[in-house]
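Read top to bottom, the protein sequences are chains A and B.
Take the numbering used here: the final residue in the first sequence is number 95, and no numbers are missing along the way.
Take the numbering used here: the final residue in the second sequence is number 1249, and no numbers are missing along the way.
Positions of the beta carbon are idealized from the N, C-alpha and C atoms, including for glycine.
Comments concern the structure below.
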Amino acid sequence: MSDPTLLVLASLADGDKHGYAMMVDIREFAGVDLGPGTLYGAITRLEARGFIKGLSSSDRRRPYRLTAAGRAHLEAQIAALEPIVRAGTRRLRRA
Amino acid sequence: MKHRLARLVMRLYPPWWRTRYGAELQALVEDSGDTWRTVADVTKGALIMQLSDWTRPAYAVLACALLGAGTGAILVAVAPPRQASVFTIEFESPSPSLEPSGREFAWKAFSDANLERVIGQFGLYRGADGPQPTPDALTLFRQDIALNIITPKTVEVSYRPDAAAAGDGGRNLKVAEQLAALVVEANLLIAEEHAKVGGPTPGRVGVKDRPRQVADRPNALPAIAVGLAAGAVAGLMVAALRRRRAPAP
């Protein structure tokens, strides 16, 4: 659940964000503190695969946007996680 | 102070990466807080980016060279060992060195006539079309016999037929025994010749260790060296291709 690329995609799902905004958002919704090197490693990989794109900016703090391919990838990842979450929750309740 | 250190560490990222993301990362480092965790995280990110940056020629060359060397080592390891028959002879000579008596014994023992006799006796180096040895049988036989000087008075004689000429191990051992017999026989011939001319005796030669079979593995170093060089050349070509195909950062 702490895969940085998944966290970045989830963070961008509700709107464009620059690096620092992503860090704060991820800390809030996932409780994970991503360092700058880890965050930009994930951004590099996601941009190379076409899942996010950098928007033009006059500031050094460039915002990023989720692409259609990125949204589809995130949905597929969440769909793959859902049965695991459901099964784990059910089994914990029974135990 | 830690921000300055983090900025220094950012230089470890690949140049294309710094051009594309350097300013953004620097802004994020400034926003993230002046902590050692930030420095450590940027260092880790730079190392991971370097390792995953396969467009760098050095990585492609190194990886291909290591792959080539490994392939060479594996090929040597899986190659069937070459069977050799070896024995050791020792000179009892008044001269402190092997020369010239050693050469005289070798010429006498392994003369053309003697070796041709062994070739005929064991049916060595036969042609594909008959029981007769090939015209170059004597040359091939000489190439398969090696004299290795162990000490000034001790020589190891080995018979290593190549894969095409190799018979069964038992026959090879008998060939080596015959070669040992020729060495002993040379004592008599040389003693007779020296008695005729009345010169000083060249000494005697004896078989120290009887012929035995050994499994002779090829030397791995040449195969590893060739694999390393071929891999490096292939790596250079891969790096050149990747550089040509790589999109502009």
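Query: Buried/exposed call for Gly1170/B, threshold 16 Cβ in 10 Å; Result: exposed
Query: Tyr95/A to Lys53/A span [Cα, whole Å]; Result: Residue identity differs from the one stated: residue 95/A is Ala in this sequence, not Tyr. Taking the straight line from one Cα to the other gives about 45 Å.
Query: Assigned exposure category for Asp1136/B - 16 Cβ within 10 Å defines buried; Result: exposed
Query: Coil, strand or helix - Asn1187/B by DSSP; Result: helix
Query: Asp1216/B (DSSP reduced to helix, strand or coil); Result: strand
Query: Arg49/A: contacting residues in chain B (beta-carbon distance under 8 Å); Result: Ordered by position in chain B, no residue passes the 8 Å Cβ test against Arg49/A, which lies about 13 Å from the chain.
Query: Same chain, Cβ closer than 6 Å to Pro1057/B, neighbours up to 5 away in sequence not counted; Result: Ala1239
Query: Cβ neighbour criterion (16 or more within 10 Å) applied to Asp1129/B; Result: exposed
Query: Boundaries of the beta strand (DSSP E) in which Leu66/A is found, first to last residue; Result: Tyr64 to Leu66
Query: Three-way DSSP call (helix, strand, coil) for Phe1122/B in this model; Result: helix
Query: Sequence ranges, alpha helix (DSSP H) only - wholly within the segment 1011-1048 of chain B, length at least 4; Result: 1015-1032
Query: Entirely enclosed alpha helix (DSSP H) segments - the segment 35-88 of chain A, minimum 4 residues; Result: 36-48
Query: Ala1262/B in three-state terms, based on DSSP; Result: What is shown of chain B runs 1001 to 1249, which leaves residue 1262/B out entirely.
Query: In DSSP terms, what Gln1083/B is bridged to; Result: Ala1215/B
Query: Thr1151/B Cβ short of 7 Å to the ligand SAH heavy atom set; Result: With respect to the ligand SAH, the structure offers nothing, as it holds no ligand at all.
Query: Neighbour flag for Arg27/A against chain B, beta carbons, 8 Å; Result: no
Query: Residue closest to Pro1014/B, alpha-carbon to alpha-carbon, out of Leu1147/B, Gln1050/B and Pro1222/B; Result: Gln1050/B
Query: Inter-stretch contact (C-beta, 8 Å, three-pair minimum) for the segment 1203-1221 of chain B and the segment 1029-1047 of chain B; Result: no
Query: Thr1154/B: first and last residue of the uninterrupted beta strand (DSSP E) it sits in; Result: Thr1154 to Tyr1159
Query: The segment 1077-1084 of chain B / the segment 1038-1047 of chain B touching (three or more Cβ pairs under 8 Å); Result: no
Query: Alpha-carbon to alpha-carbon, Pro4/A and Arg1082/B; Result: 55 Å
Query: Ile1089/B - partner residues in DSSP beta bridges; Result: Val1155/B and Val1207/B
Query: Nearest residue (CA-CA) to Leu9/A, options Phe51/A, Gly37/A and Thr38/A; Result: Phe51/A
Query: In DSSP terms, what Lys1174/B is bridged to; Result: None, per the DSSP bridge assignment.
Query: The segment 1173-1186 of chain B in contact with the segment 1147-1159 of chain B per 3-pair CB rule at 8 Å; Result: yes
Query: Val1175/B and Val1086/B closer than 8 Å at C-beta; Result: no
Query: Burial state of Asp14/A, where buried means 16 or more other Cβ atoms lie within 10 Å; Result: exposed
Query: Presumed contact (8 Å Cβ cut-off) between Glu1024/B and Gly19/A, rounded CB distance; Result: 6 Å
Query: Environment of Val35/A [buried if 16+ CB atoms lie within 10 Å]; Result: The residue asked about is misnamed: residue 35/A is Gly in this sequence, not Val. Buried, because 16 or more other Cβ atoms sit within 10 Å of the Cβ of Gly35/A.
Query: Distance between beta carbons of Gly1068/B and Leu1228/B, contact taken as under 8 Å; Result: 6 Å
Query: Proximity test, Cβ basis, 8 Å: Pro1249/B and chain A; Result: Residue confidence is low: Pro1249/B scores 42 on pLDDT, short of 50, so the model does not pin down where it sits. No coordinate-derived value is stated.
Query: Simplified DSSP assignment, three categories, for Pro1135/B; Result: coil
Query: Range of the contiguous alpha helix (DSSP H) that encloses Lys1002/B; Result: Lys1002 to Val1009
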